[in-house]
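J.:
Laid out in structure tokens, this is it:
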């Protein structure tokens with residue numbers, strides 16, 4: 195990997211992988227940065243810069259071989275190996291994740307689910323067993339997964355995260371509607387579903403204002419696409435300066 199890779203580039207990698215997977219499934223063998231940029235609403239220059247962060251996978255005048263680029267980006271994302279996981283919480287979100295077939299097709303294999311509800315304990319979700327929370331420490335001694343999915347209410351999420359850390363878990367996909375406190379050596383990615391919905395309602399509420407603001411000023415342009423948390427219209431020279439800065443955003447769940 196060449197030097198430091200920004201969070202913005204890392205957030206775009208799954209999008210590259212998804213589009214390349216779709217292209218490969220459609221029988222497309224090669225693609226230019228121009229064509230890939232059109233699909234992803236990025237400039238060809240941005241596409242090349244992103245991909246060059248990890249090495250040169252294309253050829254000038256030819257573009258990229260779809261299968262090769264997909265394979266390389268999959269390796270960068272760690273998708274060239276299986277990842278085991280447990281799901282803490284057998285409610286609606288936990289069960290939806292357990293039943294979602296794309297995750298398992300992409301190499302994420304659930305080992306077990308855990309919950310405190312007596313009516314859920316012992317009742318498998320598909321072929322995934324459901325155990326009590328009290329059984330989790332002993333289970334993890336013999337079956338340490340790569341990832342823990344946390345799908346619990348806010349009031350019990352922090353306690354569960356602390357228990358996961360004490361058991362040796364160091365990577366958590368958090369669906370609890372709160373930002374949790376965790377040690378520096380634990381990786382936590384937060385997925386706050388209402389944030390995405392509120393982003394949509396913001397643009398619905400301000401759609402006319404945005405259109406009116408953009409229309410009289412053709413020399414202005416949005417720095418980020420409408421899919422991001424906030425539309426900011428910035429004059430072109432300032433936009434270039436801001437694009438060179440590191441942009442942080444909350445994670446979001448994309449169902450494909």
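Numbering (the numbering used here), first residue to last: 195 to 450.
Every residue, glycine too, gets a C-beta built ideally from N, C-alpha and C.
So what's residue 198 in DSSP terms, helix, strand or just coil?
T.: Coil, per DSSP.
J.: Between residue 341 and residue 279, how many whole angstroms is the CB-CB distance? I'm expecting something under 8 Å.
T.: Indeed they touch by this definition, with Cβ atoms about 4 Å apart.
J.: Below 7 Å CB to CB, which residues in the same chain sit around residue 463 once its five sequence neighbours on both sides are set aside?
T.: Since the first residue of the chain shown is 195 and the last is 450, residue 463 is not available in this structure.
J.: Here's a check: name, in chain order, each residue in its chain whose Cβ is nearer than 6 Å to the Cβ of residue 453, leaving out the five neighbours to either side.
T.: Outside the displayed span of the chain (195 to 450) sits residue 453, for which this structure offers no information.
J.: Across which residues does DSSP place residue 303 in a beta bridge pair?
T.: DSSP lists 278 as partners of residue 303.
J.: Does residue 398 pass the burial test, meaning 16 or more other C-beta atoms within 10 Å, or should it be called exposed?
T.: Exposed: under 16 other Cβ atoms inside 10 Å.
J.: Between which two residues does the beta strand (DSSP E) holding residue 283 run?
T.: Element bounds for residue 283: n/a, residue is neither H nor E.
J.: State the Cα-Cα distance for the pair residue 203 and residue 231, rounded to the nearest angstrom.
T.: Near 14 Å, if we compare the C-alpha coordinates of residue 231 and residue 203.
J.: Which of the three DSSP states is assigned to residue 254 in this structure?
T.: Residue state, collapsed to three classes: coil.
J.: Along the alpha helix (DSSP H) that carries residue 359, what are the first and last residues, could you check?
T.: 348-360 is the extent of the alpha helix (DSSP H) around residue 359.
J.: Within 10 angstroms of the Cβ of residue 252, are there 16 or more other Cβ atoms? Answer buried if so, exposed if not.
T.: It is buried - the Cβ of residue 252 has at least 16 other Cβ atoms within 10 Å.
J.: Counting pairs of Cβ atoms below 8 Å between the stretch 373-381 and the stretch 305-318, do you hit three or more?
T.: Output reads no: the stretch 305-318 does not touch the stretch 373-381.
J.: Identify the continuous alpha helix (DSSP H) that holds residue 245 and give its terminal residues.
T.: Residues 238-246.
J.: Consult DSSP for residue 310 and reduce its assignment to one of helix, strand or coil.
T.: Reduced to three states, the DSSP call for residue 310 is coil.
J.: Give the DSSP bridge partners of residue 452, in chain order.
T.: No information on residue 452 is available, as it lies outside the stretch 195 to 450 that the chain covers here.
J.: Excluding the 5 residues preceding and the 5 following residue 237 in the sequence, name in chain order all residues of the same chain whose CB lies nearer than 8 Å to its CB.
T.: Cβ within range, chain order: 231.
J.: For the beta strand (DSSP E) containing residue 341, name the first residue and the last one.
T.: Taken as a continuous stretch (DSSP letters only), the beta strand (DSSP E) holding residue 341 covers 341-344.
J.: Could you give the DSSP three-state label for residue 225: helix, strand or coil?
T.: If DSSP states are grouped into helix, strand and coil, residue 225 belongs with the strands.
J.: Quick check: the Cα distance between residue 366 and residue 261, rounded to an integer number of angstroms?
T.: Cα-Cα distance, rounded: 30 Å.
J.: If you count every other CB in all the chains shown that lies within 10 Å of the CB of residue 332, and 16 or more means buried, which is it?
T.: Exposed, since its Cβ has fewer than 16 Cβ neighbours within 10 Å.
J.: From 396, 207, 206 and 358, pick the residue whose C-alpha is nearest to that of residue 283; which is it?
T.: Of the listed residues, the one whose Cα sits closest to residue 283 is 358.
J.: Inspect the beta-carbon positions of residue 211 and residue 264 and report whether they are closer than 8 Å.
T.: Cβ atoms of residue 211 and residue 264: closer than 8 Å.
J.: Which residues in the same chain as residue 351 place their Cβ atom closer than 8 Å to its Cβ, once the five residues preceding and following it in sequence are excluded?
T.: Hits under 8 Å: 344, 368, 370, 372 and 374.
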